[in-house]
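Chains as they are written, first to last, in my numbering: chain A, 475 to 929; chain B, 402 to 464.
Before any comments, here is the structure.
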Amino acid sequence: MGADDVVTDDDRKQNRYHFDRHAPEYRGRFEAITEEMHEKCPIAWTETYGGHWVAAGNREVFELARSADRVSNDHDVKGERRGYQGISIPPPERGKGSTGGFLEMDPPAQRYYRQALNPYLSPAAINRWIPVIDELVRACLDEKIESGRIDFVDDLANVVPAVLTLGMMGIPMKDWVVYNEPVHAAVYTRPNTPEAERVAEMHKEMGRHLVGQFFEIQQNPRPGLIDEIARIKIDGETPPFEDQVGALGLIIGGGFDTTTALTAHALEWLSENPEERARLSRERDTLLNSATEEFLRFYTPAPGDGRTISADCEIAGTAFREGERLWLSWAMANRDATVFPEPNTIDLARKNNRHSSFGIGIHRCIGSNVARTVFKRMLLQVLDRMPDYRCDPEGAVHYDTIGVINGMRKLPATFTPGERLGAGLDETIERMQRVCDEQRLAEPVTVRKAQAKID
Amino acid sequence: MKVRVDSERCQGHTLCAMIAPEIFELRDVDGHSCVVQEDVPADQEAQVIEAVNSCPERAISVD
């Protein structure tokens, strides 16, 4: 390389921006920060967390996310490769030494996992579960319908995704309580507090339960995602146990808090915009899909992912060096005015909504079809059974920060009471478990195609 | 108008089949898209254009 070709670090990193996704300020000033970065530095270098790149522009995020040959997801926990640190910046304290499953892997191993799990999670696979989802939603609403009061987070949006995810995995659905609180609380609880210790203890309990289920299913197979992961071969070999458990943790982490976050935010917005709510209910046949994509774009439940540059390269006009860390902001890419006219406005009928809320490229959220379906089924029953609900702004609690999930802890609401339609939640979960077991619903769609039948 | 999906780029976001279900079909196994009708009928052209402009991976093209 001649002297003229040498690009100094100062040249490469001349676009600088103080970016801290974990700071409350990032949540509070999200739109202003996003606009500023789009205007001045769609890719910036920030000094936070040991220094890393931040991609905020839509084109930049898109190109980087689609460059898996030069941009790695690898989390090299045992230091066997190049020591890359996966998708969190900084790496989380809890869970140090464990991987985020196939989201923290590169091809080819990553591809084996996705190919194995896709037949459980494709649109055709999820459609089979709709009658079960509807029953679970019905039961959640029945628990509250006579009282005229509900907390949409605690009583609905936390429940249905958790119960369904366990059912798809092959874990008894009644055990959802073991999983639910630690998963949500781990996201919003501040580190180094007494509360964090309690959450850590619950998390360990959940981990023990999960590993117990894995061994149980390994010895006495029953259908579901755990069975598939217990039997998976990577290029003919059984992968390390930690990778298998990492995959299960990924399914739980991905399946729980994200859909909850989307649903709570959408219900809150619809309460604040009752005319839009009435319109969505009335014109659901044409609006439900576009409204769902718009809520996904606007609220971006998982706001971004980390990566590591795996080769010196130039992408989207920036020179990167091997080993540098990179934050891909799906949330900021979703507000880019060059792609989304009036990006900070919710338009339920928005067209050409190329959002990146499920990620872009080979790591596209494998549960995206579950998320959309569960969200839609919850929303529709709320619109039908509690059409005049009003959220209490005093009682709504958003997460303090949006570094991991743009979520909510509480969303209390009141509505005109109605009549119960059926059994309560516990009894319904028991009945749905029988449906699931008898009809082998947790089989992949390649084995079982028919939709669940409920008497 | 002819439409095609680049199967190397498609990652199974499923938006195209939501927008133009008569033109795009999702595989049962992985939800990736394939074109069922390469020649787009005139009354489907607007939807197909919208699908092109909605694909997060920019995997759909028309000529």
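Positions of the beta carbon are idealized from the N, C-alpha and C atoms, including for glycine.
Checklist entry - Going along chain B in order, which residues have a C-beta closer than 7 Å to the C-beta of N826 (chain A)? => result E451, N454, S455
Item to check | Alpha-carbon to alpha-carbon, A539 (chain A) and E675 (chain A) | outcome: 35 Å
Checklist entry - Thinking just about the alpha-carbon of each residue, which of A:A660, A:N666, A:N632 is nearest to the one in W650 (chain A)? => result A:N632
Item to check | Every unbroken alpha helix (DSSP H) within the region 727-777 of chain A, with a cutoff of 4 residues, ordered by chain | outcome: 748-756, 758-773
Next on the checklist: Distance check for I876 (chain A) and P713 (chain A), CA to CA, integer angstroms please.
Outcome noted: 33 Å
Item to check | M402 (chain B): contacting residues in chain A (beta-carbon distance under 7 Å) | outcome: Chain A residues near M402 (chain B): none, gap ~17 Å exceeds 7 Å.
Checklist entry - W804 (chain A): which of A:I783, A:F832, A:E816, A:K825 sits nearest, CA to CA? => result Put simply, of A:I783, A:F832, A:E816, A:K825 the residue whose alpha carbon is nearest the alpha carbon of W804 (chain A) is A:F832.
Next on the checklist: Could you tell me the alpha carbon to alpha carbon distance between V909 (chain A) and T639 (chain A), rounded to whole angstroms?
Outcome noted: 15 Å
Checklist entry - I783 (chain A) and F769 (chain A) look like a contact to me (Cβ under 8 Å); what is the Cβ gap, rounded to whole Å? => result Actually they are not in contact, since the Cβ atoms of I783 (chain A) and F769 (chain A) sit about 33 Å apart, beyond 8 Å.
Checklist entry - By the criterion of Cβ-Cβ separation under 9 Å, what are the contact partners of R838 (chain A) in chain B? => result Q412, G413, H414, P457, E458
Item to check | Through-space distance from D628 (chain A) to E742 (chain A), alpha-carbon basis | outcome: 14 Å
Checklist entry - Quick one, which residues of the region 425-449 of chain B are near chain A if we go by CB-CB under 8 Å, in chain order? => result L427, R428, D429, V430, D431, G432
Checklist entry - In chain B, which residues lie with their C-beta within 9 Å of the C-beta of V919 (chain A)? => result D429, V430
Next on the checklist: Quick check on I928 (chain A): buried or exposed, where buried means 16 or more other Cβ atoms within 10 Å of its Cβ?
Outcome noted: With fewer than 16 other Cβ atoms within 10 Å, it is exposed.
Item to check | Of the residues A:V844, A:G869, A:V848, the one placed nearest G413 (chain B), counting alpha carbons only | outcome: Ranked by Cα distance from G413 (chain B), the first of A:V844, A:G869, A:V848 is A:V844.
Checklist entry - So which residues on chain B does N843 (chain A) lean against when the C-beta distance must stay under 7 Å? => result T415, G432
Next on the checklist: Could you tell me the alpha carbon to alpha carbon distance between W801 (chain A) and D440 (chain B), rounded to whole angstroms?
Outcome noted: The alpha-carbon atoms of W801 (chain A) and D440 (chain B) are separated by roughly 41 Å.
Item to check | Beta-carbon contacts of L591 (chain A) that lie in its chain and below 7 Å, excluding the five residues immediately before and after | outcome: L699, E702, I840.
Checklist entry - From what residue to what residue does the beta strand (DSSP E) around V463 (chain B) run? => result 461-463
Checklist entry - Could one say the Cβ of K707 (chain A) lies closer than 9 Å to chain B's Cβ atoms, at least one of them? => result Closer than 9 Å: no.
Checklist entry - Are T737 (chain A) and F626 (chain A) close, meaning C-beta to C-beta below 9 Å? => result yes
Checklist entry - So which of A:P777, A:N880, A:G622 has the shortest CA-CA distance to T888 (chain A)? => result A:G622
Checklist entry - Going straight from the alpha carbon of P891 (chain A) to that of D608 (chain A), what length do you get? => result The alpha-carbon atoms of P891 (chain A) and D608 (chain A) are separated by roughly 20 Å.
Checklist entry - Taking DSSP as the reference, what is the three-state secondary structure of P665 (chain A)? => result coil
Checklist entry - If you measure beta-carbon to beta-carbon, which residues of the region 772-793 of chain A are closer than 8 Å to chain B? => result none
Next on the checklist: Let me confirm a value: S764 (chain A) is counted as buried when at least 16 other C-beta atoms fall within 10 Å, else exposed. Which label applies?
Outcome noted: buried
Item to check | Within 9 Å, strictly: CB atoms of N522 (chain A) and R490 (chain A) | outcome: A small correction: the amino acid at residue 522 (chain A) is Thr; Asn does not occupy that position in the sequence shown. No, these two residues do not count as a Cβ contact at 9 Å.
Item to check | Continuous alpha helix (DSSP H) stretch holding S803 (chain A): start and end | outcome: Where S803 (chain A) is concerned, there is no enclosing alpha helix (DSSP H), although the beta strand (DSSP E) it sits in stretches over 799-803.
Next on the checklist: Extract the residue ranges of the beta strand (DSSP E) inside the region 617-696 of chain A, only unbroken runs of 3 or more that lie entirely within it.
Outcome noted: 623-625
Checklist entry - Can you tell me where the alpha helix (DSSP H) with I507 (chain A) in it begins and where it stops? => result 504-514
Item to check | Nearest candidate by alpha-carbon position, reference F536 (chain A), set B:V436, B:R410, B:I424 | outcome: B:R410
Checklist entry - Secondary structure at Q913 (chain A), three-state DSSP: helix, strand or coil? => result coil
Item to check | Residues that A735 (chain A) contacts on chain B, provided the C-beta gap is smaller than 7 Å | outcome: Taking the beta carbon of A735 (chain A) as reference, no residue of chain B falls within 7 Å; the closest one sits roughly 19 Å away.
Next on the checklist: Am I right that I879 (chain A) and P775 (chain A) are in contact with their C-beta atoms under 8 Å? What's the rounded C-beta distance?
Outcome noted: 6 Å
Next on the checklist: Any beta carbon of chain B sitting closer than 9 Å to that of K923 (chain A)?
Outcome noted: yes
Checklist entry - According to the Cβ coordinates, are G728 (chain A) and Y558 (chain A) closer than 9 Å? => result Against a cut-off of 9 Å, the Cβ pair of Y558 (chain A) and G728 (chain A) comes out as no contact.
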